[in-house]
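Per the numbering used here, residue 1201 is the first one in the sequence shown, and the count goes up by one each step.
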Amino acid sequence: MYTAVKLRTGFYETTCYFMEVKNEQVVLSPCNPEPARDTVIIDKDYLISVFLTRSKLPELSFETTDGLYICILGPDLNIYKLLTSLENALDVKVVVRTP
1201 MYTAVKLRTG FYETTCYFME VKNEQVVLSP CNPEPARDTV IIDKDYLISV FLTRSKLPEL
1261 SFETTDGLYI CILGPDLNIY KLLTSLENAL DVKVVVRTP
């Protein structure tokens, strides 16, 4: 699965990234090459937990051994399809929370 998300990159800062769910990993690639941003690879072996926070704009949080990555999802995204892709690719159960 491949979709655009807003990755939290600061306290009140988000940056456009493309999220691709692949075999045993999630790849977050910057939408724009400028300013230079790193590609983030979340590997199954370093994943601690995955949370979906349901709100007006849902947030998907990946807790890893390296840090926390929070992606703000678009309003038109098929969340069920995304969660199914994540659970299959990462062999993880996504915990759904409401604020």
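For each residue, glycine too, the CB sits at the ideal point set by N, CA and C.
1) From which residue to which residue does the alpha helix (DSSP H) around Y1217 run?
2) From which residue to which residue does the beta strand (DSSP E) around L1247 run?
3) Quick check on the DSSP output: the alpha helix (DSSP H) that includes E1259 runs from which residue to which?
4) Does the Cβ of N1278 lie closer than 6 Å to at least one heavy atom of the ligand GTP?
5) Taking T1284 as part of the alpha helix (DSSP H), name the residues at either end of that continuous run.
6) Got a sec, what are the start and stop residues for the beta strand (DSSP E) C1231 sits in?
7) Keeping to the same chain, check which residues put their C-beta closer than 7 Å to that of A1204; ignore five residues upstream and five downstream.
8) So who's on the other strand from D1243, going by DSSP bridges?
Taking the structure as given:
1) In the sequence shown, the residue the question calls residue 1217 occupies position 17. It is not in any alpha helix (DSSP H) - Y1217 instead sits in the beta strand (DSSP E) that spans 1213 to 1222.
2) The residue given as residue 1247 occupies position 47 in the sequence shown. Element bounds for L1247: 1247 to 1253.
3) Start at 1 with the first residue of the sequence shown, and residue 1259 comes out as number 59. Note, E1259: premise wrong, no alpha helix (DSSP H); beta strand (DSSP E) at 1259 to 1264.
4) For the structure depicted, the ligand GTP is absent and the ligand set is empty, with no information on it obtainable.
5) Within the sequence shown, numbered from 1, the residue matching residue 1284 stands at position 84. Counting along the chain, the alpha helix (DSSP H) containing T1284 begins and ends at 1279 to 1290.
6) Position 31 of the sequence shown holds residue 1231. Premise fails: C1231 is in no beta strand (DSSP E) and is neither H nor E.
7) The residue given as residue 1204 occupies position 4 in the sequence shown. Contacts found: C1216, F1218, C1231, G1274.
8) As a position in the sequence shown, residue 1243 is number 43, starting the count at 1. Answer is Q1225.
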